[in-house]
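What follows is one structure encoded as C-alpha cells, with my remarks underneath.
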Amino acid sequence: METLAALLVGTLAACGTLLVLRRGLFRILLGLALLAQAANLLVFTAAGLGRGDTAIIAGGAQALPEGHPDPLAQALVLTAIVISFGVLAFCLVLLRKTRARIGATGISGLANTET
Amino acid sequence: MPFDFLTPAFCVAALFLAALVAPFAGRKTDRFPATLWAVVPGAIFFYFLSGSGPVWEGSIWRGSLSWAPELGMDWDLWVSPVGLLLALLVSGIGTLVVIYAAAYLKGSDRLGRFLCFLFLFAGAMLGIAVTENALVLFVFWELTSIASYLLIGHFHEKAESRKSALDALLITAGGGVALLAGFLLLGEITGSYRIGVWVEAADAIRAHPLYTGAFLCVLLGAITKSAQFPFHFWLPGAMAAPAPVSAYLHSATMVKVGIFLLAILHPVLGGTPLWHFTLLGLGAITMLWGALVAMVQTDLKRLLAFSTVSALGTLTMLLGMEHTLSVKVAMLFFIVHALYKGALFMVAGALEKGTGTREITQLRGLMRSFPLLGLSAVVAAFSMSGLPPFIGFIAKELLYEVKLETPVVGIGLLVCGIVANAANVVVALKVGVLPFLGESPTTEPKSMKPTKIGFWIGPVLLGFGSIAFGVFPDAILGRPLEAMVAQIAAEEVTIELKLWHGFNLVLLLSLVTVVSGVALFLMRERISRYSDALRDRFGWNGTAVFRSGIAGFLSIAGAITRTIQSGRLHTYLAVIFSVAVAGLIAAWWKSGYVLSLPMRGEIRPAAALTTISLAVAAVALVRCRGRMASVLLLGCIGFGIAAFFALHGAPDLAITQILVETLTLLLFALALYGLPAMREERRAGVPRVPAVLLSVAVGLAFTLLPLKAFDVQVAAPVSIELAAKSLPEAYGRNVVNVILVDFRALDTLGEITVLLIAALGVSAMLGTRRSGFSRERLESSPVLSASARYTAPAMLIFSLYLLLRGHNEPGGGFIGGLVAAMAAVLVHLAHPAGRLRLFRLGAASLMVVGLATAVLSGLPGLLSGAAFLTAQWGPEFSLPAVGKVKLGTPLLFDIGVYLVVAGVVLMLYEAMEGRRVREKMEPKPAPMP
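One line per chain: the protein sequences are D and A, in this order.
0 is the number of the first residue of the first sequence in numbering that gives the first Met the number 0; add one for each residue after it.
0 is the number of the first residue of the second sequence in numbering that gives the first Met the number 0; add one for each residue after it.
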C-alpha cells in the first residue's frame, strides 16, 4: 500500500508541477493546490500507513496498541492542511489583483510591473 | 603617572564623546572659540607623556574590558612602546591640528561637523594604539577608514572630492577586510586574538601551513592603508581634503598605521624570507616611484603627498631589512616624518589661504608676508632633505649605514635610495624654499592673511621640535627608541644617535645625494618638460585604472543580475523546481540507495481504488481546459485524499480535509465569479517537452522520497514517547489533538499566527467591505434561508461539541473552528444583507480574541516556573453527550485555536464575498491604473 501511495504522491507532484510550469496564472494556482496536497500526502505516507487503526487510545486501554499510526505526522499534516488553505486563499486574491493590475496582457506582463 | 584604571580606554571614549558634542558646540563658533577643543587631545597627550617613563623602560601596561567574551572579543588594552609613540603622535599632532583647523575653517558652517569627524578619527587612532585584541583593533582600523572617507569628502559639493573619498574608502576598507581575514587566520592558528599571545607563539605561527596566507592578508591590509605601490594613488587623491586633514591623517598618523601594524606584528610574522623580500621589494619600488613623481609635481599638496608615499615606502623597506639598526632607523624616521610632513602640510594650507593658490610656479617671495611660516617651512624642508643639523639628517645617515651593513642589500637598493633621496632634496627645496625666495611676490596676498597664531603655531612647534630632537637626540629619543626596537625586533640593541659620525663613506654618500639633489633642482624646468612628454606618451594613471576597474566590475554585476533576474515568472519556477529535484537526486545518489520497489504493506481494495482514482483525477486536471471543471476536479481530488486519510486511521485529518475542501470550493467560486475568461498565452510558460520532463523528474523525486524514508531510521520516532505520555500526563486519548494543543502547542501557536497573517494579507489586498451601498437588493434563495434557520444553530452547537470532545475523540479546535465558520457563512448566504457575525463578534475580533486566548493559556505555565505553554490542569467533570472534560490550559488553548480558525475563515470569506458584491453592484468596475 505504501508503494502505491508513494506513486500517488509522485503523480500528484508531477501533475502539479506541470500545471505550474505551463501557461496561465489560474493554472499556476491549481498546480500550487495540487503540490500542497502532494506534500501533505508525502508527510503522511512517509510516516507509514499502518493497518487502518487510529491514533486514539481505546476506552479501557492506557496506551496505543502496537503498530499504531504516527500521531505526530498526523498533527503536522492537520495544521498543514489549514495553512495551505490560507495560502491558497491568499494566492486567489493575488490572482484577482494581478488580473486587475495587468489586465489582459497575461503573465508576460508581470515582468513589466515592477514598482 | 602609571597607566591604570583603564584610563587609556577612557581617553578613547573622551575623543568619541567630543565627536558627539562638537557639532553642537561648534555651531556658534563666534561665541565658543573652536580652538578650545584642542584641550581634549592636548590633555590626552600630556597624560600619555606623563605615564611614558615605565613604558620606555620596557614594562608594558595591560588591562581588559569585557565586551563579547564568547566571541573572543574583549577589549584588551595595552600600552606598548610603539603604541605609546603612536598615541603621542595622534594626541600631540592632533592638538596642533585642532588649533590649526579652528583658524583654517574659521567662519565655515561646516566646522562643527569637521571637528566631529576629526575627533572620531582621533578616537579610532588612539584605539588602534592602545588595543591589543586584534578583532577590536580591526574595528578601530575600519573606523579610521570611514573617518578618512568623511573628511576627504569635506567639500562634498565637488564631484572629484566625492570620487577621491570613495577611492580611498574602497581601497583602505577593502584592505581592512583582508586584514580581518589575516587576523582570523592567526586566531585560528593560536586560539587567541591577543597580540601578546601571538608574539609568544611566533615560532609555531611561522612554521604553520597557514602562515603564508595570514602574512599576505595582513600585508594587504597594511600596504593599502599605508599607500604602498600599487595602491598608492588614493593618497594623492585624498588631497581633496582640507589642509588640516592632509597634515593629520594623510601624512602624520593614518597612513602610518600600516607601518605601525607591520612593526608590532614583526615579532609574530617577521624573520622569514617571505617577509624580508616582499617588504624590501614593495618598499623600494614605492620609495623610488613616489620620490620621482613628487619631483615633477607643481601642486604643493600633491607634491607633498607623493613625497609621503615615498617616505612610507622607505619605512616599509626598513622594516623589511630586518636588522636591528634598520628597525631603529625606521622608528626614528617614523617620528621625523610625522613632524616635518605635518608642518609642511600646514604651511601649504596656510599659503593657499593666503594667496589663493597652491601652484608652486605662482608662489614667490612670500617670506616677507609670512615670516614665521617661511621659517618653519625652511626648517622642515631641511629636515626632510637630510642636511645637518636636523633630525632628518640623523635618519638619513642611519639609512645609509644600514644599507651598507645589511648583508642582503645590493647595489640596486643603494642606488634606489640615493635617487629617491636626491629627488626628496628637490621636493624639499621646492616646498620649503622656492615659495619664499625672491623679492616681490608675484601674487598679491588675499585679504585674509594667515598670520594669526593658529596658522603658524603648528608648523613652528613641529619644525622646531625637529631641531630640539636633532641637537639632543640621545637625551630625548635614546631610551624610547631602544624600547621600541626591543618590542619590534624582540632583542635589545644600543645604537648611537649623534650628528657627527666623522668623515666616512656614509657622509660621502650623503654629500653626493645633496649635491645631485641641488643639481636636479636647478634643472627642474627641463625635468618637468621631459616628464610631461613621458606622461603624454605612456599615460598611466593608477586612479583611472582603478576607477575603470570598479566601473567594469559594476557593469559585469549588472549583466549577471539581468541574466539571472529575467523577470519571467516561469523561468523562476523552472529554476526552483530544477534545483529542488537536483538536490534530491544528488542526496539520493550519495546515499547509495538502491530502488527495489518492494510492495510494502497489504494492499486493501478500497484504499487502492481511492489511490488509482486520485491519480486519474490529477491527470484529468492537467488536461482539463474549462475553469469551473478544473475547480470541481480539484475538489474531487481533495475529497479523495480525505477518503484516503479516513482509510488510513486519520479521522481528524479526514474531517479537516473535507471541511477545508468545502471552503476552498466556495472561495474558488467567489474568486472566479465575474473574472473575465482568460486568454491563454501561447508564448508564456515553459515549452512543452522540458516542462513534461521536469514534471516527471519532480514526480519521481516525490515518489522516491517516501520509499527511501521507510528504510531510514536514524533514531526512535519521537511519537512513540508522545503516544505513551498522552493519557497519563496530558489526560487525552486523541494523541493527535494532544500533540497539537499540549506537547507541541508552541508550533500550533505559530501556525495559527501564520493563518492570521494570511487572512490579514487578503483583507489588506482587497479592502474590507465598507462601501456603504444598499444591500437590500441582494436576493437570497428562500430554500437556503429556510434551511439555514435550523441547520446553522445545529452546526454551531456541533462545532462546540467537536471542540470539547477533541481531546479524546476526533475533533478539536481546528475542526470545530471550521464548522463554526461554516455555520456563520451559511447564515450569511441565507441573509446576505446581515452582517457576518459569530458569537456577536466580527472576523477580526474573533482572530484577536482567539490569539490572545491562546497566548494567555501559556502564561500559567510560565508563572508556575515552567516553560511557556506548559500545561496546567484543573478538575475533571462530565458533560452529557460529550463525556469527560478535564479543565486545563490546553483546553483554553484549543478554544483560542477554534476562535482564530473561525475568524480567519470568516475574514477570507468576507473579503472575497465583499468583492463579489461590490462588482455586482457596480457593473463596470473602474479600470485599475
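Ideal placement from N, C-alpha and C gives every residue a C-beta, glycine not left out.
Neighbouring residues, chain D, relative to residue i (Cβ below 8 Å)
i, result
"Gln-361/A", "Within 8 Å Cβ-Cβ: nothing; Gln-361/A doesn't reach chain D, min ~55 Å."
"Thr-655/A", "Leu-77, Ile-80 and Val-81"
Within-8 Å CB hit, residue i to chain A
i, result
"Thr-44/D", "yes"
"Leu-31/D", "no"
"Pro-64/D", "no"
"Gly-49/D", "yes"
"Gly-9/D", "yes"
"Thr-78/D", "yes"
"Gly-59/D", "no"
"Gly-85/D", "yes"
Below-8 Å beta-carbon distance, residue i vs any chain D residue
i, result
"Glu-912/A", "no"
"Gln-712/A", "no"
"Asp-741/A", "no"
"Leu-633/A", "yes"
"Phe-892/A", "no"
"His-647/A", "yes"
"Ile-636/A", "yes"
"Val-884/A", "no"
"Leu-699/A", "yes"
"Ile-640/A", "yes"
"Leu-317/A", "no"
Contact set for residue i: own chain, Cβ-Cβ below 7 Å, skip 5 residues either direction
i, result
"Pro-874/A", "Leu-886"
"Phe-797/A", "Val-818"
"Val-517/A", "Val-424"
"Gly-91/A", "Phe-44"
"Arg-357/A", "Asp-298, Leu-299, Lys-300, Ala-347, Leu-350 and Glu-351"
Residues that residue i contacts on chain D, provided the C-beta gap is smaller than 7 Å
i, result
"Pro-650/A", "Thr-53"
"Thr-610/A", "Leu-3, Ala-4 and Leu-7"
"Arg-732/A", "Ile-55 and Ile-56"
"His-569/A", "Leu-20"
"Ile-738/A", "Pro-70, Leu-71 and Ala-74"
Residues that residue i bridges to, as DSSP identifies them
i, result
"Ile-80/D", "The partner list for Ile-80/D (beta bridge, DSSP) is empty, contrary to what the question assumes."
"Gly-62/A", "Leu-76/A"
"Lys-883/A", "Ser-877/A"
"Asp-298/A", "Glu-358/A"
"Leu-840/A", "Leu-837/A"
"Trp-872/A", "Gly-887/A"
"Thr-130/A", "Leu-76/A"
"Ile-170/A", "Answer is none; Ile-170/A lacks a bridge partner."
Reference residue i, options the options, closest by Cα
i, options, result
"Val-513/A", "Leu-460/A, Ala-422/A and Gly-464/A", "Ala-422/A"
"Gly-416/A", "Gly-749/A, Ile-284/A, Phe-435/A and Ala-763/A", "Ile-284/A"
"Val-896/A", "Gly-860/A, Phe-813/A, Ala-832/A and Met-911/A", "Phe-813/A"
"Asp-52/D", "Asp-710/A, Leu-646/A and Lys-724/A", "Leu-646/A"
"Ile-719/A", "Arg-26/D, Met-0/D and Ala-46/D", "Ala-46/D"
"Ser-465/A", "Val-615/A, Gly-760/A, Ala-17/A and Leu-331/A", "Leu-331/A"
"Tyr-571/A", "Thr-16/D, Ile-80/D, Ala-88/D and Ala-38/D", "Thr-16/D"
Within chain D, partners of residue i - CB distance below 9 Å
i, result
"Phe-576/A", "Thr-16, Val-19 and Leu-20"
"Met-764/A", "Phe-89, Val-92, Leu-93, Arg-95 and Lys-96"
"Arg-626/A", "Phe-25"
"Glu-808/A", "Ile-55"
Contacts around residue i, its chain only, beta-carbon distance under 6 Å, and the 5 residues preceding and following it disregarded
i, result
"Leu-664/A", "Gly-634"
"Ser-384/A", "Val-424 and Ala-427"
"Leu-142/A", "Ala-123"
"Gly-212/A", "Leu-184"
Min CB distance residue i to chain B below 8 Å
i, result
"Pro-716/A", "Looking at the structure shown, chain B is missing, and the protein chains on hand are D and A."
Beta-carbon contacts of residue i that lie in its chain and below 8 Å, excluding the five residues immediately before and after
i, result
"Leu-671/A", "Arg-626, Met-627 and Val-630"
"Leu-291/A", "Val-418, Ala-419 and Ala-422"
"Ile-204/A", "Leu-185, Ile-188, Thr-189, Trp-197, Tyr-210, Ala-213, Val-267 and Leu-268"
"Ala-880/A", "Tyr-800"
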